[in-house]
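As you go down the protein sequences, you meet chains A and B in turn.
The working numbering applies: residue 1 is where the first sequence begins, and numbers increase by one.
The working numbering applies: residue 1001 is where the second sequence begins, and numbers increase by one.
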Amino acid sequence: MNKIKTLEEAMSHIEDGMSIMIGGFMACGTPEKFMDALVEKGVKDLTIIANDGGFPDRGLGKLIVNKQVKRLVASHVGLNPEVGNQMNTGELDCELVPQGTLAEQIRAGGNGLGGILTPTGVGTVVEDGKEKIELDGKMYLLEKAIKADIALIGGSIVDKKGNVYYNKSTKNFNPLMATAADLVIVGAEKIVEVGEINANDVMTPALFVDYIVEV
Amino acid sequence: MNVKEIIAKRVAKELHDGDVVNLGIGLPTMVANYIPADMDVTFQSENGFVGLGPAPEADNVDMDLVNAGGQPVTAIPGAAFFDSAVSFSIIRGGHVDVTVLGALQVDEKGNLANWMIPGKMVPGMGGAMDLVVGAKKVIISMTHTAKGKAKILKECNLPLTAAGQINMIITEMAVMEQTDKGLVLTEINPEYTVEEVQAATEATLIISDDLKKMDIA
Chain A
1 MNKIKTLEEA MSHIEDGMSI MIGGFMACGT PEKFMDALVE KGVKDLTIIA NDGGFPDRGL
61 GKLIVNKQVK RLVASHVGLN PEVGNQMNTG ELDCELVPQG TLAEQIRAGG NGLGGILTPT
121 GVGTVVEDGK EKIELDGKMY LLEKAIKADI ALIGGSIVDK KGNVYYNKST KNFNPLMATA
181 ADLVIVGAEK IVEVGEINAN DVMTPALFVD YIVEV
Chain B
1001 MNVKEIIAKR VAKELHDGDV VNLGIGLPTM VANYIPADMD VTFQSENGFV GLGPAPEADN
1061 VDMDLVNAGG QPVTAIPGAA FFDSAVSFSI IRGGHVDVTV LGALQVDEKG NLANWMIPGK
1121 MVPGMGGAMD LVVGAKKVII SMTHTAKGKA KILKECNLPL TAAGQINMII TEMAVMEQTD
1181 KGLVLTEINP EYTVEEVQAA TEATLIISDD LKKMDIA
């Protein structure tokens, strides 16, 4: 099975209104060429799930500047002023989620769990509209699992089977998101033959990966 | 020393050999400058590693290695990288000994507000809510007032980051510890009187019987 696709082939699966998880942390580990390709493709009304809002000129921030995002679920948007601007005009619906909660919601989504119980956010606006559960005298919020139509992952080294190695701090949300979407597309900085990544060093096993694009 | 240096130096004294520490962006980052060379403190970066080192030389920048603010950093020997779920296992799971954060407001019930000003600034909470809930010790490091306005209040009026999680507040004027009875003034900058510190503080301070002087040299 050949998972290696051209950028155009891979992006052809992304349509208006889809939910997309985008790996990376302040653009570190984000497959930048996918962002450029989506800007060029012009798909709109997207729901983006990511750690942050990127920068206006780097990472998924480009999609927001180009007004392709209808809804953003993220933990931090302070380094892309366009998020705040579009929230104020009502063009963008932005749900801010504590970073550890977001990581666990995505992990749960990929793990067949319905959600997680976390003490984070208790006593703050984060608890609004959510079920609170007391266990052994401690209060928790029930945070539901998150899944998406597409996950766009940034891999440092990917073998032709789809095993992924992430360099240094590029790992962040990437391995979690790779488990939690219907279609997982990895942007590979380097593609190598099967066996060239030692099995001990595989961070996302190939079974989670649908397509590989050299970027 | 300037105000920030006084605060950062005092915060550093709260750290111990072997501690795992998360420093917030801005003033808290300066705490790393005051740790004795023979003390082993491991810095955690919530984007996914422990063993955070100083900023790299300009000709040695690796954009695969950034801190939680997206700025290039280095990793010391013995560092470890991991994904965001493990990062917050460390944070929420109680494996961080000390977290040092800035604040917009704090209050005498140990509440913290530092993530948004409705209608003005909504940067998001990032990892702050998890850090203050999960870390064993939460230290707020900040200037005592904002343009003369009190930040240490009877009750925060900005949206909270967490309720009742603060252990200690360190400013250029004083060191305060959160207790069941309220906020206890334990150390004071010798350039100020207790009355002056109280006047700059909306919360009612309980004066420690053993009030010490802050080292500002």
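Note that the Cβ used here is the ideal one computed from N, Cα and C, for glycine as well.
At what residues does the beta strand (DSSP E) containing B/L1183 begin and finish?
For B/L1183, the enclosing beta strand (DSSP E) covers residues 1182-1188.
Short-range partners of chain B found in the region 165-186 of chain A, where Cβ spacing is below 9 Å
If the cut-off is 9 Å between Cβ atoms, the region 165-186 of chain A has Y166, N167, K168, S169, T170, K171, N172, F173, N174, P175, L176 near chain B.
Chain-ordered chain A contacts of B/A1085 [CB-CB under 7 Å]:
What B/A1085 touches in chain A: A103, E104, R107, L176.
Can you name the residues of chain A whose CB is closer than 7 Å to the CB of B/G1070?
M26, A27, C28, L79, listed in chain order.
Measure the alpha-carbon distance for B/G1078 versus A/N80 and round it to whole angstroms.
Looking at the two C-alpha atoms, the distance is approximately 34 Å.
Supposed contact pair A/A74 and B/G1124 - C-beta distance, whole angstroms, cut 8 Å:
With 8 Å as the limit, B/G1124 and A/A74 qualify as a contact, their Cβ atoms being about 7 Å apart.
Report all residues from its chain with a CB closer than 8 Å to the CB of B/K1181; omit the five preceding and five following residues, and keep chain order.
Correct list, in chain order: I1206.
Just curious, the alpha helix (DSSP H) that A/N85 is in, first and last residue?
A/N85: member of the alpha helix (DSSP H) spanning 81-89, first to last residue.
Residue-chain proximity (B/M1142, chain A), Cβ-Cβ < 9 Å
At least 9 Å separates the CB of B/M1142 from every CB of chain A.
Closest Cβ-Cβ distance between B/T1145 and chain A: below 9 Å?
With 9 Å as the cut-off, B/T1145 does not count as an interface residue toward chain A.
For a test of the three-state rule: what should DSSP assign to A/G100, helix, strand or coil?
In the structure shown, A/G100 sits in a helix (DSSP, three-state: H, G or I).
Whole angstroms are fine: how far does the CA of B/I1025 sit from the CA of B/A1068?
In this structure, the alpha-carbon of B/A1068 lies about 8 Å from that of B/I1025.
Compute the minimum distance between the beta carbon of A/D201 and the heavy atoms of the ligand SAM, and state whether it is under 8 Å.
For the structure depicted, the ligand SAM is absent and the ligand set is empty, with no information on it obtainable.
Between the region 81-93 of chain A and chain B, which residues of the former have a C-beta closer than 9 Å to a C-beta of the latter?
Answer in chain order: V83, G84, M87, N88.
When DSSP builds the beta bridges, which residues end up paired with A/M139?
BP columns for A/M139 point to A/E134.
Using the Cβ count rule (16 or more neighbours within 10 Å means buried), how would you classify A/I146?
With 16 or more other Cβ atoms within 10 Å, it is buried.
Alpha carbon to alpha carbon, how far is A/I48 from A/I150?
Distance between the alpha carbons of A/I48 and A/I150: 10 Å.
Could you give the first and the last residue of the continuous beta strand (DSSP E) run that contains A/I146?
Element bounds for A/I146: n/a, residue is neither H nor E.
Skipping 5 residues on each side, what residues in its chain have a beta carbon closer than 6 Å to that of B/S1141?
I1007, V1011, L1027, P1028, V1100, I1170, listed in sequence order.
Identify the residues that DSSP records as bridge partners of B/V1100: which are they?
Answer by DSSP bridge pairing, in chain order: B/L1023, B/I1139.
Give the residues from the region 1147-1161 of chain B that approach chain A closer than 9 Å (Cβ to any Cβ), ordered along the chain.
Answer in chain order: P1159, L1160, T1161.
Look up B/P1072 in the DSSP assignment and say whether it is helix, strand or coil.
Here DSSP, grouped into helix, strand and coil, assigns B/P1072 to strand.
Would A/L141 and A/V122 qualify as a contact pair, given that the criterion is a beta-carbon distance under 9 Å?
Yes.
Could you name the residues of chain A that B/D1220 contacts, counting a contact when the two beta carbons are closer than 8 Å?
What is shown of chain B runs 1001 to 1217, which leaves residue 1220 of chain B out entirely.
Taking the Cβ atom as the reference point for each residue, do B/T1186 and B/S1208 lie within a distance shorter than 9 Å?
Yes, they are a contact pair.
At a CB-CB cut-off below 8 Å, which residues of chain A make contact with B/I1091?
Here the neighbours are G100.
In chain order, what residues of the same chain have a beta carbon less than 6 Å from the beta carbon of A/K62, not counting five sequence neighbours either side?
Within the same chain, A/K62 has close Cβ partners M35, V39.
Tell me which residues share the same chain as A/V209 and place their Cβ nearer than 7 Å to its Cβ, disregarding the 5 neighbours each side in the sequence.
Counting only Cβ-Cβ distances below 7 Å, and skipping sequence neighbours, we find K3, G162, V164, A178, V184, V186.
Can you pull the chain A residues whose beta carbon is under 8 Å from the beta carbon of B/A1217, in chain order?
In chain order: nothing, as chain A lies at least about 36 Å away.
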